[in-house]
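Residue numbers (the UniProt record's numbering), protein chains in the order written: chain F, 1 to 254; chain Y, 1 to 335.
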């Protein structure tokens, strides 16, 4: 079997899997095996989706959350790459920052809410900060780890050829670790979405996190499930975009 | 052992066993007499009567062994009731009507504990004298709550449009106090105990309480009255126990109404308020008695009609998809 037909077969299997899953879910709800208050049927979720899409509410929630995720995540990326490269190559710097990263890393994004409210008030910056604080420590750890995994022969060769410390970092370590860094960031992007849900618990009036929590308050479980589905779809779309960027940036590695 | 000793030993053993048996049976009997019940509570006002009835021994006297389960939000309590973990609980009418609107029939509304309309309201900064003055400004309130509905109603009554003319944001609890103090919001709507804190905050004044709510003027209905709710399956299999609970519950309401000082030392264990704050909070609500329940729970009465109008208002503000027929859930038979 050729590579293309093998790939088609796998896509077909995945499609059948989704269709079977949704059909079983629909049947379970239709035959009254589960109370709709606990689990709405896919049809109810889709109908709710159409209604909120027509009202223009759904897209405003999706865009609000996506904006918060992308800004918080971009800030974490912008800071974690240079800082991670420095920490990954300098043991002294690492000794200074490592305990701080270790202290921040286990903190759930929810725990930043009271402080972020005091620091930034009920603004969008407060929401970006929740995403940023929830992702910066793991992002840094991915960059540090990727930097340390670079083949030392390459580093030594560059140094022997007279490259400065900065040149080695920019022209050897960064390109060599980029694939691992991007893989880590894809995981961090998923984490950003859990952070945005926390960020939207307080002082928000739009966003998928708000939509889910508000739906919960009114026992609109179809709205809750719709919010969850929209998060999954948005993450999948962003993942595809990231993969394209990865293919372009790492063309030389393919 | 001689035969006399053996006889004495047997006699004593039998007597002892008999005594233990009788005592055991007695214990078993008294344990059996107490009806087990699980209640979903929180430090909010509507749960004061239950907490007081547990601590005062009123429920034990009525033959009820009540298990108190704490929940932070009303929707979590209702979810627990739907899941079968709670038999009775106090709820805000908005979350209860949200469940009714979903067609859930597994519960009855069996009582109304109090009216907290005068300890819930809209606070504004000095210089703001009407809702119209709030045009272009920001109001903080807990979404999906009675204060949210109060804010939406007040804005609509003044001819303005929420989110277009006035920015309404979702914020509640201690954050609302911090946001008001730091000037991040120009107004906020809150209930007790935040209401009491805001009342004494310099530069802040009360613009409207629940008595300004449009339905209050006609039906005496506040934006989200508290309700006492019982799980249908429990009520139908233990009607006498529910009646006994309600009897003890409203005896506590009498204490809260007539001798609130007696309730203070007990309730402050639940709320962590100091003596003065606790007394002020109890006195802030109008406690209903068992005698008043018949009028309040009358299906065509003013209170239930007001609740129906409230459900319709929730649809108008797009908080519910459709208005349930509230009287279908009202059951005055346990009073």
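Every residue, glycine too, gets a C-beta built ideally from N, C-alpha and C.
Using a C-beta cutoff of 7 angstroms, does residue i count as contacting chain Y?
i              : result
residue 214(F) : yes
residue 206(F) : no
residue 217(F) : yes
residue 117(F) : yes
Is it buried or exposed for residue i, if we count other Cβ within 10 angstroms and need 16 for buried?
i              : result
residue 23(Y)  : With a pLDDT of 46 at residue 23(Y), under the threshold of 50, the predicted position of this residue should be treated as unreliable, and no value is reported.
residue 38(F)  : exposed
residue 138(F) : buried
residue 225(Y) : buried
residue 75(Y)  : buried
residue 313(Y) : buried
residue 204(F) : buried
residue 198(F) : buried
residue 175(Y) : buried
residue 187(Y) : buried
residue 3(F)   : exposed
residue 82(F)  : exposed
residue 161(Y) : exposed
residue 153(Y) : buried
Identify whether residue i lies in helix, strand or coil by the three-state DSSP scheme.
i              : result
residue 41(F)  : coil
residue 106(Y) : coil
residue 259(Y) : coil
residue 130(Y) : coil
residue 27(Y)  : Annotation note: pLDDT 45 at residue 27(Y) (below 50); position unreliable, coordinate value reported separately. Three-state result, residue 27(Y): helix.
residue 207(F) : coil
residue 122(F) : coil
residue 165(Y) : coil
residue 201(Y) : coil
residue 125(Y) : strand
residue 10(F)  : helix
residue 89(Y)  : strand
residue 250(F) : coil
residue 318(Y) : coil
residue 328(Y) : helix
residue 68(Y)  : strand
residue 36(Y)  : strand
residue 112(F) : helix
Whose Cβ in chain F lies nearer than 7 angstroms to the Cβ of residue i?
i              : result
residue 171(Y) : 122, 202 and 203
residue 82(Y)  : 37
residue 104(Y) : 37
residue 99(Y)  : 219
residue 95(Y)  : 217
Would the beta-carbon of residue i be found less than 6 angstroms away from any heavy atom of the ligand NAP?
i             : result
residue 31(F) : The ligand NAP is not part of the structure shown, which contains no ligands of any sort.
Interface residues of chain Y around residue i at Cβ under 9 angstroms?
i              : result
residue 44(F)  : Those within 9 angstroms of residue 44(F) in chain Y number zero; the least Cβ separation is about 11 angstroms.
residue 210(F) : 143 and 170
Report yes or no: is there a C-beta of chain F within less than 7 angstroms of the C-beta of residue i?
i              : result
residue 184(Y) : yes
residue 244(Y) : no
residue 312(Y) : no
Taking the C-alpha atoms as reference points, what is the distance between residue i and residue j?
i              : j              : result
residue 223(F) : residue 215(F) : 5 angstroms
residue 86(Y)  : residue 238(Y) : 14 angstroms
residue 78(Y)  : residue 91(Y)  : 8 angstroms
residue 266(Y) : residue 182(F) : 58 angstroms
residue 270(Y) : residue 81(Y)  : 22 angstroms
residue 123(F) : residue 65(Y)  : 48 angstroms
residue 297(Y) : residue 49(Y)  : 18 angstroms
residue 320(Y) : residue 223(Y) : 15 angstroms
residue 323(Y) : residue 73(Y)  : 22 angstroms
residue 107(F) : residue 64(F)  : 24 angstroms
residue 288(Y) : residue 254(Y) : 8 angstroms
residue 156(Y) : residue 109(Y) : 30 angstroms
residue 283(Y) : residue 231(F) : 47 angstroms
residue 50(F)  : residue 301(Y) : 39 angstroms
residue 242(F) : residue 198(Y) : 49 angstroms
residue 239(F) : residue 134(F) : 19 angstroms
residue 318(Y) : residue 240(Y) : 40 angstroms
residue 202(F) : residue 173(Y) : 10 angstroms
Find the residues of chain F that neighbour residue i, judging by a C-beta separation of less than 8 angstroms, and give them in chain order.
i              : result
residue 319(Y) : 218
residue 46(Y)  : Under the 8 angstroms cutoff, chain F gives no residues; its nearest Cβ is about 17 angstroms from residue 46(Y).
Please list the partners that residue i has in chain F, where partner means a Cβ-to-Cβ separation under 9 angstroms.
i              : result
residue 175(Y) : 113, 114, 117, 122, 202 and 203
residue 154(Y) : By Cβ distance, chain F contributes nothing, its closest Cβ being about 18 angstroms from residue 154(Y), past 9 angstroms.
residue 179(Y) : 117, 121, 122 and 203
residue 75(Y)  : 216, 217, 218 and 219
For chain B, check one thing: does any of its Cβ atoms lie closer than 7 angstroms to the Cβ of residue i?
i             : result
residue 73(Y) : Any reference to chain B falls outside this structure, whose protein chains are F and Y.
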